[in-house]
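A.B. asks: Pasting in a structure now, in structure tokens, and then I'll have a few things to ask.
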Amino acid sequence: MTTEQLHEWMKETYQLIQDNKEELSALDQEVGDGDHGTNMNRGFQAIVEELPNWAGESLATTLQKIGMTLISKVGGASGPLLGTGFMRLSTSFKNEVNWGDGLESASEGIAKRGKAEVGEATLLDVWSAVSKSVREHGLDWNRVADVSRDAMERTKELEAKRGRGALLGERSIGHLDPGAVSSDYLFQALARVMKGADDECRT
Amino acid sequence: MKKLMNDSEQIVEEFLQGFITVHGDSLTRINGTNVITRIDKVATKVGIISGGGSGHEPAHAGYVGPGMLDAAVAGEVFTSPGADQFLAAIQAADSGSGVLLVIKNYNGDVMNAEMAQEMAEAEGIQTEMIIVNDDVAVDDPAKRRGIAGTVLVHKITGAAAEAGKSLAEVKQLGEKAIQKMRSMSVALSACTLPSSSKPSFSLATDEMEVGIGIHGEQGMERREVMRSAEIAQLLTEHTLEELDENGSYVALINGMGSTPLLEQYVFAKDVQEQLEKRKVTLKKMYVGDYMTSLDMAGVSLTLLTVDDELLQLLHARAKTTTWTEAGNDD
Chain C
7 MTTEQLHEWM KETYQLIQDN KEELSALDQE VGDGDHGTNM NRGFQAIVEE
57 LPNWAGESLA TTLQKIGMTL ISKVGGASGP LLGTGFMRLS TSFKNEVNWG
107 DGLESASEGI AKRGKAEVGE ATLLDVWSAV SKSVREHGLD WNRVADVSRD
157 AMERTKELEA KRGRGALLGE RSIGHLDPGA VSSDYLFQAL ARVMKGADDE
207 CRT
Chain U
113 MKKLMNDSEQ IVEEFLQGFI TVHGDSLTRI NGTNVITRID KVATKVGIIS
163 GGGSGHEPAH AGYVGPGMLD AAVAGEVFTS PGADQFLAAI QAADSGSGVL
213 LVIKNYNGDV MNAEMAQEMA EAEGIQTEMI IVNDDVAVDD PAKRRGIAGT
263 VLVHKITGAA AEAGKSLAEV KQLGEKAIQK MRSMSVALSA CTLPSSSKPS
313 FSLATDEMEV GIGIHGEQGM ERREVMRSAE IAQLLTEHTL EELDENGSYV
363 ALINGMGSTP LLEQYVFAKD VQEQLEKRKV TLKKMYVGDY MTSLDMAGVS
413 LTLLTVDDEL LQLLHARAKT TTWTEAGNDD
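Right, here's the structure in full:
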């Protein structure tokens, strides 16, 4: 991944979040307090606005700045969780861009910060599924997009064990986890940007 | 939904500006942050900070001042502030004796506060955290939310710090209060987020929601609306269940934002009657909007078992924009 691709990834993600802001908040109203769309939009808007100031920074430094911006601008639980994910990617990519290692480290960081496990209907389910898929099948971006979407959709059948959704207990079954949905946007955007780059290389 | 505001995205910023416009004689805002702190920083005492999402006013900025908090952080509405904001509050409150973070039990608040603690420790600032989880509406204690009882913990830890106790002692007193305190709420109508066009849930004119939190999330049970005396009985029963039947208590009656004091005092009288019926000793009652949920209508009851030590800390001198005590000796 080049820094240009990282910038594109952020812009593409912001576009998806902006387009689905209301839907994200509506999902959050079912299981939480209804502000996930607003919070994510605020965070990615801040990132996209800062991108020009980060031109010339290394990949690792840019990822670290993205992480810090998410922590300070998104707030709530999603801010520190996604922020931790990007900080871990930054550390991992300092020496070598290895998506298998980077995503695994990011998933571990998110699990630790949120004291969560896979299968508790959170954004960790999506990060972990993508990480596992890249580890087992390599960088097949179509597969990444599919795996991410499947993991996101599965949160609907699961009982939420973490976050405010957990207060609903069994009543949370039947609702998508809003954090899993926004993380899926992140990986759909990533797959799209990286696939585009692969196609360009081939032609 | 009509709201007295200019721009929903600027509402917290404009609240902070207004707050300092009014209270700038004793409080200040740290530049570039959402942290409200005391102007007259005490040279050597344990710092006490709190914070969380906005929408719970007067919590938490209203409790900054001598005898209570040294700094409070305001996040976006119902959203935990980021770790960088908690760190700024810790730095402002530290005078070399360490800082206690009083945090309500929500994943976001706890995560951001923990990250801030790690950052503060890297700077050599000693910190401890206590997590308030007074809401008995949730069965599993690990998942219990922090609600209005948090304010009593502000008062107790604030007074202990003011009295010169160490970080470990202040923490221990805060934990003692948390252990002996339970709360529960009902909503008569839901709240509406500034950024939203509709309420967080809808209640028919003859319904109420039992066991709500302070974020407009749905409660544990929906039932036909009851009279104040019946609600007092229901909440007293649930909060007392896990507490010492023979203890002495203070009770905090908290309005959720849209409940008139007229009704809150009716409810206070009903709670007093419930406690008297159970031969429970009531030492002191507090009534008012202490920890609100935007424009929600409803009330919460907090019962805290007190001994002489806790009672003395509750009565100790305090001077904040919301809570003032003359002190034991005056």
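Top line first, the protein sequences correspond to chains C and U.
Per the working numbering, the very first residue in the first sequence carries number 7; after that it's consecutive.
Per the working numbering, the very first residue in the second sequence carries number 113; after that it's consecutive.
C-beta: ideal position from N, C-alpha, C; glycine also.
Check whether the Cβ of residue 305 of chain U lies closer than 8 angstroms to any Cβ atom in chain C.
C.D. replies: At least one chain C Cβ lies under 8 angstroms of residue 305 of chain U.
A.B. asks: Can you give me, in chain order, the residues of the region 176–197 of chain U that have a beta carbon less than 8 angstroms from any beta carbon in chain C?
C.D. replies: Result list: 187, 188, 189, 190, 191, 192, 193, 194, 195, 196 and 197.
A.B. asks: Using only the alpha-carbon positions, how far apart do residue 385 of chain U and residue 123 of chain C sit?
C.D. replies: Approximately 47 angstroms between the Cα atoms of the pair.
A.B. asks: Specify, as a first and last residue, the run of the beta strand (DSSP E) that residue 399 of chain U falls within.
C.D. replies: Run containing residue 399 of chain U: 393–400, per the beta strand (DSSP E) assignment.
A.B. asks: Name, please, each residue of chain C whose Cβ falls closer than 9 angstroms to the Cβ of residue 118 of chain U.
C.D. replies: Correct list: empty, because the minimum Cβ distance to chain C is about 17 angstroms.
A.B. asks: With a cut-off of 8 angstroms, do at least 3 Cβ pairs link the region 157–171 of chain U to the region 200–209 of chain U?
C.D. replies: As far as the Cβ criterion goes, the region 157–171 of chain U touches the region 200–209 of chain U, which means the pair count is three or higher.
A.B. asks: Reducing DSSP to helix, strand and coil, say where residue 182 of chain U ends up.
C.D. replies: Residue state, collapsed to three classes: coil.
A.B. asks: Would residue 69 of chain U pass as a contact of residue 189 of chain U if the rule is Cβ separation under 8 angstroms?
C.D. replies: Given a span of 113 to 442 for chain U in the structure shown, any question on residue 69 of chain U remains unanswerable.
A.B. asks: Of all Cβ atoms in chain C, is any one closer than 8 angstroms to the Cβ of residue 250 of chain U?
C.D. replies: Residue 250 of chain U counts as touching chain C.
A.B. asks: When the distance is taken between beta carbons, is residue 246 of chain U closer than 8 angstroms to residue 270 of chain U?
C.D. replies: No, they are not a contact pair.
A.B. asks: Inspect the CB distances between the region 226–243 of chain U and the region 331–350 of chain U and report whether three or more fall short of 8 angstroms.
C.D. replies: Contact between the region 226–243 of chain U and the region 331–350 of chain U is absent, because fewer than three Cβ pairs lie under 8 angstroms.
A.B. asks: Using a Cβ-Cβ distance cut-off of 8 angstroms, determine whether residue 135 of chain C contacts chain U.
C.D. replies: Answer no: the Cβ-Cβ gap between residue 135 of chain C and chain U never drops below 8 angstroms.
A.B. asks: Would you say residue 327 of chain U faces chain C, with C-beta separation under 8 angstroms as the test?
C.D. replies: Judged by the 8 angstroms Cβ criterion, residue 327 of chain U is in contact with chain C.
A.B. asks: Alpha carbon to alpha carbon, what distance is there between residue 95 of chain C and residue 118 of chain C?
C.D. replies: Approximately 15 angstroms, taken between the alpha carbons.
A.B. asks: Residues in its own chain within less than 8 angstroms of residue 417 of chain U by CB, not counting five upstream and five downstream?
C.D. replies: 292, 293, 355, 356, 359, 360 and 361.
A.B. asks: Run through the DSSP bridge pairs and tell me what residue 146 of chain U is partnered with.
C.D. replies: DSSP output for residue 146 of chain U lists no bridge partner at all.
A.B. asks: With DSSP as the reference, identify every bridge partner of residue 335 of chain U, one or two as the case may be.
C.D. replies: The partner list for residue 335 of chain U (beta bridge, DSSP) reads U:320.
A.B. asks: Quick check for students: name the residue ranges of the alpha helix (DSSP H) that lie wholly in the region 168–221 of chain U, counting only runs of 4 or more.
C.D. replies: Complete alpha helix (DSSP H) runs here, min 4: 195–205.
A.B. asks: I'd like to know whether the C-beta atoms of residue 437 of chain U and residue 428 of chain U end up nearer to each other than 8 angstroms.
C.D. replies: Yes, these two residues count as a Cβ contact at 8 angstroms.
A.B. asks: Would you please verify whether the beta carbon of residue 219 of chain U is less than 8 angstroms from any beta carbon of chain C?
C.D. replies: Yes, because at least one Cβ of chain C sits closer than 8 angstroms to the Cβ of residue 219 of chain U.
A.B. asks: Whose CA, out of U:138, U:439 and U:125, lies closest to the CA of residue 68 of chain U?
C.D. replies: As shown, chain U starts at 113 and ends at 442. That puts residue 68 of chain U outside it, with no answer to give.
A.B. asks: Does the beta-carbon distance from residue 403 of chain U to residue 290 of chain U come in below 8 angstroms?
C.D. replies: In this structure, residue 290 of chain U does not lie closer than 8 angstroms to residue 403 of chain U by Cβ.
A.B. asks: Give the residues from the region 286–318 of chain U that approach chain C closer than 7 angstroms (Cβ to any Cβ), ordered along the chain.
C.D. replies: Result list: 305, 307, 308 and 312.
A.B. asks: Please confirm if the region 11–27 of chain C is in contact with the region 41–51 of chain C, defined as three or more CB-CB distances below 8 angstroms between the two stretches.
C.D. replies: Output reads yes: the region 41–51 of chain C touches the region 11–27 of chain C.
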